[in-house]
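>
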Amino acid sequence: MATAATLPDEKAVFLNVPFDRSYEPLFLAVIATLVSIGRVPRSVLEIPDRGQGRLRRIMGLIETCRVSLHDLSRVGGPARFNMPFELGLAYSLRLRHPGPGRHLVVLLEAQEHRLSRTLSDLAGQDPGIHGGTARGVVGAVLDNLGTPAAGPYPGEVYGLWRRLMRVARELQSRDHVPTVFSRGVFLRTVAAATELAADAGFILP
Amino acid sequence: MPEKHQVHGKRISKRAYKSTVSSGRYPTKSQASARVLHSTSPSSASEIRETLGIPKSDVKAALEAIDSAL
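Sequence order for the protein chains is A and E.
Read in order, the letters of the first sequence correspond to residues 258 to 462 in this note's numbering.
Read in order, the letters of the second sequence correspond to residues 1298 to 1367 in this note's numbering.
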């Protein structure tokens, strides 16, 4: 776990998002956007599914990230409690270590005003609204973590996302897996995003 | 047309103007007036891969997939 001696990585962003097939395009949009602005996407996909100490390792991963991003747009059944649970872990970290370097929480939702009903404890905190579209995710993530003067612009990141979608499909096909939500495909997809972002001139090689 | 080097009332650099407005692409209004929570200098591609511990074999596989898909 991160301690005072091991400060969180300023550029690392912990991803707390739904791992279902319909969310894949948005997941890839999150990765494309973060990599385009030189951020490091981190996910529980990096941690083995089973085994002792999984919860401790998830908490440790959140602690190594200065920022966590939580998409709370999945509110229908079947009930999935991992996301609100991990949001709680992130908020506990934020509250335990206050001050200018405290953990930052970025919220995303598909619909405006819904979060105030589904999670009234967070009343007054405005999530980025993506409308369930990749273009919306790009805009919402850039709004919260991008640097407008430095670019890249949303249209440019959207173009990178379209290319990354095709590459991710190819990686899935090569691995014979149905989704991108596996450790191997996740890491190779991020690797591909870094190459595409560097080729586009968004980040250094 | 907006005033030169200005989008949605926000001044932008000449470089940004050239790469967006002049080429017919506009940043969104939200982007032009973004509420940035946390800014930091960007990592390079190699730094991102290093932080995640992505092995060279995975980078090679990613490059092959890019060549094949695009």
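Glycine included, every Cβ here is placed at the ideal spot set by N, Cα and C.
Can you pull the DSSP bridge partners for A/Leu364?
A/His327
> In terms of residues, what are the limits of the alpha helix (DSSP H) holding A/Glu303?
Looking at the DSSP string, A/Glu303 is not in any alpha helix (DSSP H), and its letter there is neither H nor E.
> On the DSSP bridge assignment, give the partners of A/Arg299 in chain order.
A/Phe271
> Going along chain E, which residues have a C-beta under 7 Å from A/Glu427?
Ala1362, Ser1365, Ala1366
> With respect to the alpha helix (DSSP H) encompassing E/Ser1365, which residues constitute its N-terminal and C-terminal limits?
1353 to 1366
> Counting contacts by CB-CB distance shorter than 7 Å, is E/Ser1340 in contact with chain A?
yes
> Under 8 Å by Cβ, that's how I've got A/Val363 and A/Leu402 pegged, so tell me the actual separation to the nearest angstrom.
7 Å
> Please return the same chain residues whose Cβ sits closer than 6 Å to the Cβ of A/Val424, not counting the five positions on each side in sequence.
Ala449
> Got a sec, what are the start and stop residues for the alpha helix (DSSP H) E/Arg1346 sits in?
1342 to 1349
> Measuring only the C-alpha atoms, how far is A/Ala407 from A/Pro265?
24 Å
> Check whether the Cβ of A/Ala289 lies closer than 7 Å to any Cβ atom in chain E.
no
> Apart from the five residues on each side of it in sequence, which residues of its chain come closer than 6 Å, Cβ to Cβ, to A/Val297?
Lys268, Ala269
> So, at 8 Å on beta carbons, what are the nonlocal neighbours of A/Arg351 in its own chain, with the 5 sequence-adjacent residues on each side left out?
Arg359, His360, Leu361, Val362
> How would you label A/Gln382, buried or exposed, when you count the other beta carbons within 10 angstroms and need 16 or more for buried?
exposed
> By the 10 Å Cβ neighbour count, where 16 or more other Cβ atoms means buried, how is A/Gln309 classified, buried or exposed?
Exposed, since its Cβ has fewer than 16 Cβ neighbours within 10 Å.
> What residues from chain E crowd round A/Leu302, counting only those whose CB sits closer than 8 Å?
Within 8 Å Cβ-Cβ: nothing; A/Leu302 doesn't reach chain E, min ~11 Å.
> Hey, how far is the Cα of A/Pro409 from the Cα of A/Ile294?
7 Å
> What residue range does the alpha helix (DSSP H) around A/Glu369 cover?
A/Glu369 -> no alpha helix (DSSP H), and no H or E assigned at all.
> How would you call A/Leu272, buried or exposed, if buried means at least 16 neighbouring beta carbons within 10 angstroms?
Using a 10 angstroms sphere on the CB of A/Leu272, the tally of other CB atoms reaches 16 or more, which defines it as buried.
> Counting only the same chain and skipping the five closest in sequence on each side, list residues whose C-beta sits under 8 Å from that of A/Glu413.
Answer for A/Glu413: Ser293, Ala457, Phe459, listed in chain order.
> Inspect the beta-carbon positions of A/Thr290 and E/Ile1345 and report whether they are closer than 7 Å.
no
> Would you grab the beta carbon distance between A/His327 and A/Leu344 for me? Rounded to a whole angstrom, and I think it's under 8 Å.
5 Å
> Along the region 385 to 410 of chain A, what residues have a CB closer than 7 Å to any CB found in chain E?
Gly396, Leu399, Asp400, Asn401, Leu402, Gly403, Thr404, Pro405, Ala406, Gly408, Tyr410
> Do the CB positions of A/Arg299 and A/Leu318 come within less than 7 Å of each other?
yes
> If you draw a straight line from the alpha carbon of A/Ser373 to that of A/Ser330, how long is it in whole angstroms?
Answer to the nearest angstrom: the Cα atoms are 12 Å apart.
> Between A/Gly388 and the rest of its own chain, which residues show a CB-CB distance below 7 Å, the 5 nearest in sequence each way excluded?
The beta carbon of A/Gly388 sits closer than 7 Å to the beta carbons of Ala367 from its chain, once the five residues preceding and following it are set aside; these are given in chain order.
> Do we get a CB-CB distance below 7 Å when we pair A/Glu281 with the residues of chain E?
No, its Cβ sits nowhere closer than 7 Å to a Cβ of chain E.
> Rank A/Phe276, A/Pro282, A/Val434 by C-alpha distance to the C-alpha of A/Leu421 and give the top, closest one.
Comparing alpha-carbon positions, the option among A/Phe276, A/Pro282, A/Val434 lying closest to A/Leu421 turns out to be A/Pro282.
> Mind checking if A/Pro462 is an interface residue toward chain E, Cβ cutoff 7 Å exclusive?
At a cut-off of 7 Å, the C-beta of A/Pro462 has a neighbouring C-beta in chain E.
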